[in-house]
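Enquirer:
Numbering (this note's numbering), first residue to last: 76 to 418.
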């Protein structure tokens with residue numbers, strides 16, 4: 076059991092796979108087990124999850140540096156970005172990165188019948204050519220290899236135009252100190268670096284763009300007062316980001332309501348320094364230049380098997396072993412990885 080800023084994590088030793096899914100704290104696990112027990116005995120009350128939704132929404136807003144009123148809760152990033160993609164004008168030109176995670180690019184590709192085109196560009200090329208497109212849909216940190224978008228370069232390229240930027244922060248929020256309030260859309264899933272159970276995602280939309288979106292999944296929970304509008308017609312939708320909410324997945328949101336506020340309470344710059352520092356310790360040991368990413372791809376023959384034998388849990392993405400360091404990892408994990416790679 077490792078203790079990190081007041082939280083305890085049981086499975087952190089050798090766990091270098093937060094880019095796939097994050098670990099729950101003991102406090103979160105105990106709360107989930109208690110809720111499952113109340114469900115089993117019929118004592119569960121649906122309203123007991125409302126506070127978790129509010130707390131998780133506020134935490135996402137704090138981590139992104141945006142107003143909580145702009146934040147929407149959904150079930151997945153792709154579903155939320157689908158609302159954005161459906162709202163962009165016919166014949167829009169969309170740029171993304173080559174090798175981008177499918178959930179970021181596919182919602183826009185699905186609009187091809189309206190003349191929407193999606194062009195995949197290389198790192199650096201995307202940032203420099205962003206101003207030639209109507210929409211840039213891209214991850215702040217790439218899932219496959221941890222590449223960090225050159226935000227300053229991108230913003231410079233679009234400063235005199237009307238290009239809108241849709242940022243996926245799934246592989247950044249939680250370990251990286253963010254400055255993303257300038258983006259038109261900021262979306263992210265919460266089951267990786269935000270340490271929640273799978274099944275919830277969040278999206279902040281600038282007020283200048285929110286009015287263009289249609290709440291295609293409008294429901295009782297997206298109304299101004301959900302429990303008073305379970306049978307409402309008209310639905311009396313909320314006036315802020317909640318109008319695009321989907322009905323919450325109870326246990327997922329219970330976990331998110333614990334994990335995300337805890338992460339939002341930490342010094343984000345210190346967390347980033349810790350995570351990147353561990354990754355760079357490994358980079359230095361294997362002769363790879365330092366980088367500003369907590370995600371490290373490794374080209375190692377039989378790498379997954381090699382690391383598993385050393386008690387290290389990682390993933391294989393785009394043909395390479397992918398390791399990722401989070402707040403609950405330590406120098407011991409980095410040294411264990413280095414030792415395994417030297418065998």
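Where is the CB? At the ideal position from N, CA and C, for every residue including glycine.
A quick note: this is a predicted structure, and the numbers were derived from the prediction, not measured.
If you draw a straight line from the C-alpha of residue 409 to the C-alpha of residue 357, how long is it?
Expert: 6 Å
Enquirer: Exposed or buried, residue 342, counting other C-beta atoms within 10 Å across all chains shown (16 or more means buried)?
Expert: Exposed: under 16 other Cβ atoms inside 10 Å.
Enquirer: Output needed for residue 279: all residues of its chain with C-beta closer than 6 Å, excluding positions within five of it in sequence on either side, in chain order.
Expert: 139, 141, 145, 146, 261
Enquirer: What are the boundary residues of the beta strand (DSSP E) that includes residue 194?
Expert: 192–196
Enquirer: Starting from residue 76, trace the beta strand (DSSP E) in both directions and tell me its first and last residue.
Expert: Looking at the DSSP string, residue 76 is not in any beta strand (DSSP E), and its letter there is neither H nor E.
Enquirer: Is the separation between the beta-carbon of residue 157 and that of residue 182 shorter than 8 Å?
Expert: yes
Enquirer: Under 8 Å by Cβ, that's how I've got residue 97 and residue 270 pegged, so tell me the actual separation to the nearest angstrom.
Expert: 4 Å
Enquirer: Taking contact to mean 3 or more Cβ pairs, one atom from each stretch, closer than 8 Å, check whether the segment 309–323 and the segment 240–249 are in contact.
Expert: no
Enquirer: Considering residue 170, what are the terminal residues of the beta strand (DSSP E) in which it resides?
Expert: 168–172
Enquirer: Please name the residue or residues paired with residue 397 in a DSSP beta bridge.
Expert: 372, 390.
Enquirer: Going by alpha carbons, who is nearest to residue 236 out of 226, 204, 264?
Expert: 204
Enquirer: Say whether the segment 158–178 touches the segment 187–198, bearing in mind that this needs 3 or more beta-carbon pairs closer than 8 Å, one atom from each stretch.
Expert: Verdict: yes, contact present.
Enquirer: Going along the chain, which residues of its own chain have a beta-carbon closer than 6 Å to the beta-carbon of residue 229, five neighbours each way excluded?
Expert: 202, 205
Enquirer: With DSSP as the reference, label residue 270 as helix, strand or coil.
Expert: coil
Enquirer: If contacts are defined as beta-carbon pairs under 8 Å, then residue 91 and residue 398 qualify, I think. What distance do you get, rounded to the angstrom?
Expert: 4 Å
Enquirer: I'd like the list of long-range same chain contacts for residue 127, defined as Cβ closer than 7 Å, with 5 residues on each side in sequence excluded.
Expert: Cβ-Cβ distances below 7 Å link residue 127 to 328, 329, 331, 332 in the same chain, with the five nearest sequence neighbours on each side left out; the list follows chain order.
Enquirer: Would DSSP call residue 210 helix, strand or coil?
Expert: strand
Enquirer: Label residue 385 either buried or exposed according to how many other C-beta atoms from any shown protein chain fall within 10 Å of its C-beta, with 16 as the threshold for buried.
Expert: exposed
Enquirer: Once the 5 residues before and after residue 172 are set aside, which same chain residues still bring their CB inside 6 Å of it?
Expert: 201, 213
Enquirer: Name the two residues that bound the continuous beta strand (DSSP E) containing residue 289.
Expert: First-last for residue 289: undefined, no H or E at that position.
Enquirer: In terms of DSSP beta bridges, what is residue 230 paired with?
Expert: In the DSSP output, where bridge partners are listed per residue, residue 230 has none listed.
Enquirer: Let me know the secondary structure DSSP gives residue 404 once reduced to three states.
Expert: coil
Enquirer: Please classify residue 365 as buried or exposed, where buried requires at least 16 other C-beta atoms within 10 Å of its C-beta.
Expert: exposed
Enquirer: Considering Cα atoms alone, identify which of 82, 369, 178 is closest to residue 344.
Expert: 369
Enquirer: Please state the DSSP three-state secondary structure of residue 457.
Expert: Lying outside 76 to 418, the shown extent of the chain, residue 457 is not represented and no answer is given.
Enquirer: Answer yes or no: do residue 160 and residue 186 have a C-beta to C-beta separation smaller than 8 Å?
Expert: yes
Enquirer: So, for residue 223: in the same chain, excluding its five sequence neighbours on each side, which residues have a beta-carbon less than 6 Å away from its beta-carbon?
Expert: 216, 367, 368
Enquirer: With 16 as the cutoff for other CB atoms within 10 Å, does residue 323 come out buried or exposed?
Expert: buried
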